[in-house]
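Read in order, the letters of the sequence shown are residues 678 to 966 in our numbering.
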Amino acid sequence: MSVVDERPTAEADEPEEPTNRPEPSYRLREWLSRPYVRHLLIIFVILTLAVIPAAWLVLHFMNLSGAPASDIMYEIERTMFVFTLVSAPVMAITATILLYSLFGWGRVRGEEPPMQESPAIRSNPIAIVGWIGATSLLAAFLVIWGLVELARITEFSNGTTAANQQPNTAKPLDINVTGQQWLWTFEYPGQQSITTDVLVVPINTPIYFNVTSKDVLHNFWVVELGVKIDANPGAITNTGVTPNKLGNFNIRCAELCGLHHAYMETQIKVVTQEQFDAWVREMGGKKFV
Ligand SMILES: [Cu+2]
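Laid out in structure tokens, this is it:
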């Protein structure tokens with residue numbers, strides 16, 4: 678006795694191939710000529726363009742705070758601006774479809790979104806290649822930009838000097854940074870180990886930070902200079918920066934470290950070399966040469 682397999686074959690599940698399907702380019706033009714598609718495109722372009730002045734405004738207000746006060750912060754701000762611009766069309770297409778789904782379809786059809794019209798672009802080779810091509814280009818641009826910026830910022834943090842560049846000849850200033858619940862302490866080992874809770878540094882001098890913690894994890898964040906590095910108990914982390922703007926800037930803890938984490942803040946005073954020398958003398962240390 679044999680059993681007959683009556684399950685449907687794979688072919689039976691597939692939809693019939695349309696026999697009189699128009700060319701992809703015609704279908705794309707036809708889709709683009711639909712009124713609701715034009716509405717979507719107009720909203721998309723407006724939202725994309727609206728992000729540009731918004732990004733400029735954010736950059737403007739960041740600069741009002743005193744930043745950038747170093748080459749590192751300049752690069753960080755520029756990267757944030759470029760990334761905002763590049764992500765603008767992605768945000769815009771998402772918001773456009775959301776807004777139109779919420780408020781637009783009722784006016785187009787009165788009841789339902791026009792599902793039956795979707796195949797015009799769903800399997801259109803031009804649309805598929807264009808979509809994948811555009812999104813891949815955006816993503817590749819961001820990856821390359823990010824890698825180049827990372828290398829530049831590492832260089833500006835005095836971490837590496839490119840082989841084809843002259844090493845920075847300005848004498849570096851070493852500072853030992855210690856975090857503890859809930860304050861920062863700075864020691865100047867080259868200046869008779871002056872110890873202070875407010876950082877004073879000369880402008881245009883490479884600063885090296887040796888960062889550690891006495892108790893829990895903290896994070897040493899020099900806001901307007903773009904420095905941010907973990908302060909770990911039992912270990913020393915290193916980074917550096919060359920301040921290029923006179924003024925008082927903020928130092929905060931950027932790692933949730935306990936009850937008064939929010940108040941674990943102090944200042945960095947970027948002064949002229951003469952002012953720094955006078956400060957060192959006043960603090961009892963030898964002159965910084
Ligand atoms: Cu902390």
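Glycine included, each C-beta is placed from N, C-alpha and C at the ideal position.
Note that the coordinates shown come from a computational prediction; the quantities given were computed from them, not determined experimentally.
Considering only DSSP beta bridges, list what residue i is partnered with.
i    : result
N927 : Q944
P910 : S890
Q952 : For Q952, which the question treats as bridged, DSSP gives no partner whatsoever.
Y920 : Reading off the sequence, residue 920 comes out as Pro, not Tyr. According to DSSP, P920 bridges with S747.
V904 : V899
I871 : Y865
Taking all protein chains shown into account, decide if residue i is buried (16 or more other Cβ within 10 angstroms of its Cβ) or exposed.
i    : result
L850 : buried
I830 : buried
G856 : buried
P911 : Correcting the residue identity first, residue 911 is Gly in this sequence and not Pro. Counting Cβ neighbours within 10 Å, G911 comes out exposed, since fewer than 16 surround it.
G807 : exposed
G935 : exposed
L947 : In the sequence as displayed, the identity of residue 947 is Val instead of Leu. When all chains shown are included, V947 counts as buried.
A727 : exposed
R698 : exposed
V966 : The predicted model places V966 with a pLDDT of 48, which falls under 50 and marks its position as unreliable; any figure quoted below should be read in that light. V966 is exposed by the Cβ-count criterion.
W733 : exposed
V904 : buried
A769 : buried
S747 : buried
F818 : exposed
T771 : exposed
R929 : buried
P802 : exposed
G961 : exposed
Y865 : buried
Provide the residue span of the alpha helix (DSSP H) that contains residue i, from first to last.
i    : result
Y777 : Where Y777 is concerned, there is no enclosing alpha helix (DSSP H), given that its DSSP letter is neither H nor E.
N740 : P712 to L741
P802 : P802 to F833
L709 : P701 to L709
Considering residue i, what are the terminal residues of the beta strand (DSSP E) in which it resides?
i    : result
E864 : L860 to Y865
V899 : H895 to V899
P879 : L876 to P879
G856 : L850 to Q857
T882 : No beta strand (DSSP E) holds T882; DSSP gives it neither H nor E.
Looking at chain C, is there any beta carbon in it that lies within less than 8 Å of the beta carbon of residue i?
i    : result
G903 : Reference to chain C is not applicable here, since this structure consists of a single protein chain.
Does the Cβ of residue i lie closer than 7 Å to at least one heavy atom of ligand 3?
i    : result
G856 : Absence of ligand 3 from the depicted structure is noted, with ligand 1 being the only ligands included.
Could you tell me whether the region 951-958 touches the region 870-883, using the rule of 3 or more Cβ pairs below 8 Å?
yes
The region 932-945 in contact with the region 761-780 per 3-pair CB rule at 8 Å:
no
Under 8 Å: do the region 891-900 and the region 718-737 share three or more Cβ pairs, one atom per stretch?
no
Would you check if there are 3 or more beta carbon pairs closer than 8 Å linking the region 739-748 to the region 805-825?
Short answer: they don't touch.
Determine contact between the region 709-720 and the region 751-759, defined as no fewer than three beta-carbon pairs at a distance below 8 Å.
no
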